[in-house]
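**Q**
Number of protein chains: 2
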Amino acid sequence: MTDTTAADDVNLGLLLFIPYRFMESAVMTALREQGHELTLTQARVFQRIDPQGTRMADLARASQLPKQTIGSVVDQLEKSGYVRRVPDPHDARSRQVQITERGDQLVAASIPTVRQVEAAWRDHLGPTRSQQLVEALTELRHITDTHLS
Amino acid sequence: MTDTTAADDVNLGLLLFIPYRFMESAVMTALREQGHELTLTQARVFQRIDPQGTRMADLARASQLPKQTIGSVVDQLEKSGYVRRVPDPHDARSRQVQITERGDQLVAASIPTVRQVEAAWRDHLGPTRSQQLVEALTELRHITDTHLS
DNA sequence: ACACTTGGTCCGAGTCTCGGACTTCTAGAG
DNA sequence: CTCTAGAAGTCCGAGACTCGGACCAAGTGT
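Order-wise, the sequence lines are chains G and V. In terms of our numbering, the first sequence opens at residue 1 and continues consecutively. In terms of our numbering, the second sequence opens at residue 1 and continues consecutively.
1. Against residue 25/V, what residues of chain G qualify as contacts under a CB-to-CB distance less than 9 Å, listed in chain order?
2. So with CB distances below 9 Å, who are the chain V contacts of residue 60/G?
3. Who are residue 99/G's beta bridge partners in DSSP?
4. Under 8 Å Cβ to Cβ from residue 48/V, same chain only, skipping five residues before and after it: list those, please.
5. Quick check on the burial criterion: 16 or more other C-beta atoms within 10 angstroms. Buried or exposed for residue 16/G?
6. So residue 154/G and residue 114/G are in contact, right, with Cβ under 8 Å, and what is the actual spacing, rounded?
7. I'd like to know if residue 103/G contacts chain V, where contact means its C-beta is closer than 7 Å to some C-beta of that chain.
8. Can you find the residues in the same chain that come closer than 8 Å, C-beta to C-beta, to residue 66/V, ignoring five residues on each side of it along the sequence?
9. Return the CA-CA distance between residue 78/G and residue 84/G, expressed in angstroms with no decimal places.
10. Output needed for residue 100/G: all residues of its chain with C-beta closer than 7 Å, excluding positions within five of it in sequence on either side, in chain order.
11. Spatial neighbours of residue 103/G within its chain, please: CB distance less than 7 Å, with the 5 preceding and 5 following residues excluded, ordered by chain position.
12. Apply the 10 Å Cβ neighbour rule to residue 93/G and answer buried if 16 or more other Cβ atoms are within range, or exposed otherwise.
13. Just checking: is the beta-carbon of residue 19/G within a distance shorter than 7 Å of some beta-carbon in chain V?
14. Could you check whether residue 132/V and residue 131/G sit closer than 7 Å to each other, using their CB atoms as the reference points?
Structure (structure tokens):
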């Protein structure tokens with residue numbers, strides 16, 4: 001893979017981060033235009049909440065942030081009405097973070113921009129390289145997503 | 001590209017973010033073990049500083065963070081000795097953020113872990129898919145890196 | 001029954017976020 | 001040469017975040 005010594009070269013991490021930030025900024029802008037006020041960290045944590053809910057501990061693992069941070073961010077998301085905390089039926093210690101109706105609206109509001117950016121990337125890369133990108137990233141997820149372990 | 005409605009599916013942004021966070025966490029852990037104490041935001045901003053220095057405004061653009069945030073983060077990096085601010089010879093309003101010797105040590109200290117993670121990914125994907133991944137991401141950079149515009 | 005681990009909250013201190021205000025400087029038009 | 005608009009960066013202030021340690025309750029395994 002790339003060598004980091006050349007000024008123009010960047011490591012693979014940064015190659016991943018640059019388009020991610022691009023997509024994220026586009027989505028955050030669109031959400032703001034539709035009255036959704038989230039911070040970057042809130043959005044990054046929110047996107048790791050499964051449709052059927054996710055435990056605080058799992059959210060911490062998935063986003064690789066300390067549980068105290070997750071607690072604080074979920075407080076804010078709850079306050080804004082995007083999520084609710086409910087007791088975990090299988091573990092009295094746990095709380096499930098669930099997406100509310102307003103949270104569903106947030107998800108729905110982000111989809112058009114996500115699709116739009118994905119389409120622009122597909123246009124730029126061509127169908128073959130787009131598919132290769134998605135396939136490689138999906139495969140990589142098996143060894144990088146701490147939420148799957 | 002992927003549809004976001006299936007529970008297991010994630011959009012391309014998240015597919016990019018997951019391995020990035022993995023790499024980032026691995027690097028942050030290694031740096032901490034070697035006595036480098038940076039926050040996530042400091043590291044994300046630091047990695048956008050070019051070897052020959054980068055102006056504050058360009059750092060803000062590259063990282064897509066407000067200039068006030070960049071000011072605060074660069075304050076912290078300067079205080080920790082990783083960067084210095086110097087006047088821009090071509091523009092009296094501008095300051096160049098330059099990497100110090102200690103910053104060079106930080107860069108050097110991160111390289112082994114970056115290489116290691118890249119190698120593990122290459123092993124997992126195989127050489128063909130690895131090359132496809134790097135190629136697609138490099139190509140994508142042309143339309144996503146606000147630092148290149 | 002007990003020891004260890006996990007889940008989550010709380011506290012506190014420090015970092016970050018970011019809009020608005022402000023000053024200084026640059027570029028471009030007339 | 002003058003003037004205007006925009007850019008660069010700092011400052012302020014309020015709120016969000018980061019995160020280790022402490023703590024308590026609950027679960028797991030022996």
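Think of the CB as a built atom: it goes at the ideal place given N, C-alpha and C, for glycine as much as any other residue.
**A** The answer reads as follows:
1. Walking along the second sequence from the start, residue 25/V turns up at place 25. The contacting residues are 64, 146.
2. Working through the first sequence from its first residue, we reach residue 60/G at position 60. The contacting residues do not exist; residue 60/G stays about 12 Å from chain V at best.
3. Indexing the first sequence from 1 puts residue 99/G at position 99. According to DSSP, residue 99/G bridges with 83/G.
4. The sequence position of residue 48/V within the second sequence is 48, counting from 1. These residues qualify, in order along the chain: 54, 59, 62, 63, 147.
5. Taking the first sequence and counting its residues from 1, one reaches residue 16/G at position 16. By the 10 Å Cβ count, residue 16/G comes out buried.
6. The structure shown does not extend to residue 154/G, since chain G spans only 1 to 149, so no value can be given for it.
7. If you number the first sequence from 1, residue 103/G lands on position 103. No, its Cβ sits nowhere closer than 7 Å to a Cβ of chain V.
8. The count along the second sequence starts at 1 and reaches residue 66/V at position 66. Closer than 8 Å at Cβ, skipping near neighbours: 60.
9. The sequence position of residue 78/G within the first sequence is 78, counting from 1. The sequence position of residue 84/G within the first sequence is 84, counting from 1. If you take the alpha carbons of residue 78/G and residue 84/G, they lie about 6 Å apart.
10. Against the first sequence, residue 100/G aligns to sequence position 100. Excluding positions up to five away in sequence, the list reads 81, 82, 83, 84.
11. Here residue 103/G is taken as the residue at index 103 of the first sequence, counted from 1. Answer for residue 103/G: 82, 83, listed in chain order.
12. As a working note, residue 93/G is residue 93 in the first sequence. Residue 93/G comes out exposed.
13. Translated into positions along the first sequence, residue 19/G becomes position 19. Yes, residue 19/G counts as interfacial toward chain V.
14. As a first step, residue 131/G is located in the first sequence; it is residue number 131 there, counting from the start. As a first step, residue 132/V is located in the second sequence; it is residue number 132 there, counting from the start. Not a contact, by the Cβ cut-off of 7 Å.
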